[in-house]
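Residue numbers (the numbering used here), protein chains in the order written: chain A, 1 to 114; chain B, 1001 to 1110.
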């Protein structure tokens, strides 16, 4: 499978716990994005990497959220001290730079905070 | 920053009829406008896109039109089929971030 891969598919956690999600982009893509989607809404931008550099971060993103892409390949998104309002689908997407900027999404990680 | 609005929020059509979904954007620097289809429980999938140097693009039953002056673009689906039922999202980008509209739930009635 050469598409965008996300793990885990589902995560249930208790309020206050930390969670970490992983995204493996399409191998030749150097841009990686994290989005959050709640029921009935469009994807909401969280952050974006070009190679290993985090170039943009949403102003709405709490300090409890952090993302890394240490070697410019896979990325992790960590949420510390989870709150019930963090419950959502977390989508990763990737694209290639220069000319063809088509964005391809993974299947997402569904987070439920109890 | 960019703001994308999308209308209508829900749309029901009879099988075989056409469906039109409209989006407006605020940032005149946006130059790439993709459309995504998302079925229940699945990932958004790119169905068609258009760049700002083109006014219209067609792919079989799907077409997209762009009016840069008015800053709006539309998705047209002809000869709708039940499998077209899904949520459709428009987006706007100026080469980096993508801003998505809130979505349109399309129901094609047999």
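Cβ atoms here follow ideal geometry from the backbone N, Cα and C, with glycine treated the same way.
Is the CB of residue 1034 (chain B) under 8 Å away from at least one CB in chain A?
-> Chain A contact via Cβ: present.
Residue 1056 (chain B) - DSSP class collapsed to helix/strand/coil = DSSP places residue 1056 (chain B) within a strand segment (E or B) once states are collapsed to three.
Under 9 Å Cβ-Cβ, which residues of chain A neighbour residue 1064 (chain B)?
-> By Cβ distance, chain A contributes nothing, its closest Cβ being about 14 Å from residue 1064 (chain B), past 9 Å.
Thinking just about the alpha-carbon of each residue, which of B:1003, B:1026 and B:1015 is nearest to the one in residue 1070 (chain B)?
-> Nearest to residue 1070 (chain B) by C-alpha distance, out of B:1003, B:1026 and B:1015, is B:1026.
Using a beta-carbon distance cut-off of less than 7 Å, what residues from the segment 71–85 of chain A approach chain E?
-> As a matter of chain content, chain E is missing from the structure shown, whose protein chains are A and B.
What's the C-alpha gap between residue 109 (chain A) and residue 90 (chain A)?
-> In this structure, the CA atom of residue 109 (chain A) is about 5 Å from the CA atom of residue 90 (chain A).
Return the chain-ordered list of same chain residues with a C-beta closer than 8 Å to the C-beta of residue 1051 (chain B), the five sequence neighbours on each side being excluded.
-> For residue 1051 (chain B), same chain residues with a beta-carbon under 8 Å away, outside a window of 5 residues either side, are 1031, 1032 and 1033 in chain order.
Any C-beta of chain B sitting closer than 8 Å to the C-beta of residue 28 (chain A)?
-> Residue 28 (chain A) is outside the set of residues whose beta carbon lies under 8 Å from a beta carbon in chain B.
Same chain, Cβ closer than 7 Å to residue 1012 (chain B), five either side skipped, listed in chain order | Closer than 7 Å at the Cβ level, and outside the excluded window around residue 1012 (chain B), lie 1107 and 1109.
Is the Cβ of residue 1094 (chain B) closer than 8 Å to any Cβ of chain A?
-> Not closer than 8 Å to any Cβ of chain A, the Cβ of residue 1094 (chain B) fails to qualify, so no.
Taking C-alpha atoms, which residue in B:1041, B:1035 and B:1105 lies nearest to residue 10 (chain A)?
-> Taking only the C-alpha atoms, the option nearest residue 10 (chain A) is B:1041.
Distance, Cα to Cα, residue 87 (chain A) vs residue 8 (chain A)?
-> Straight-line Cα distance between these residues: approximately 14 Å.
Distance between residue 17 (chain A) and residue 1060 (chain B) (C-alpha atoms, nearest Å) | Taking the straight line joining both Cα atoms gives about 48 Å.
Any 3 or more C-beta pairs closer than 8 Å across the segment 29–44 of chain A and the segment 1013–1021 of chain B | Output reads no: the segment 1013–1021 of chain B does not touch the segment 29–44 of chain A.
If contact means a Cβ-Cβ distance below 8 Å, which residues of the segment 1040–1071 of chain B contact chain A?
-> Along the segment 1040–1071 of chain B, going in chain order, the ones with a CB nearer than 8 Å to a CB of chain A are 1042, 1043, 1044, 1045, 1046 and 1049.
For the beta strand (DSSP E) holding residue 30 (chain A), just list the boundary residues, first then last.
-> Neither: residue 30 (chain A) is in no beta strand (DSSP E) and is coded neither H nor E.
Where residue 1016 (chain B) meets chain A, residues with beta-carbon distance less than 9 Å | None at all; the shortest Cβ gap to chain A is about 28 Å.
Skipping 5 residues on each side, what residues in its chain have a beta carbon closer than 6 Å to that of residue 1037 (chain B)?
-> Same-chain partners within the cutoff: 1045, 1047, 1086 and 1088.
Give a yes or no on whether the minimum CB-CB distance between residue 1073 (chain B) and chain A is below 8 Å.
-> False, the Cβ-Cβ gap to chain A never drops below 8 Å.
So which residues of chain A does residue 1102 (chain B) contact, with C-beta pairs closer than 7 Å?
-> Residues of chain A passing the Cβ test: 41 and 42.
Cut-off 7 Å between Cβ atoms - residues of its own chain near residue 26 (chain A), not counting five sequence neighbours on either side | Closer than 7 Å at the Cβ level, and outside the excluded window around residue 26 (chain A), lie 2, 3, 4, 94 and 104.
Can the beta-carbon of residue 6 (chain A) be found less than 8 Å from the beta-carbon of residue 22 (chain A)?
-> Yes; because the gap between Cβ atoms is below 8 Å, this pair is in contact.
Straight-line Cα distance separating residue 61 (chain A) from residue 111 (chain A) = Put simply, the backbone Cα of residue 111 (chain A) is about 16 Å away from that of residue 61 (chain A).
Backbone secondary structure at residue 1084 (chain B) - three-state DSSP | In the three-state DSSP reduction, residue 1084 (chain B) falls in the helix class (H, G or I).
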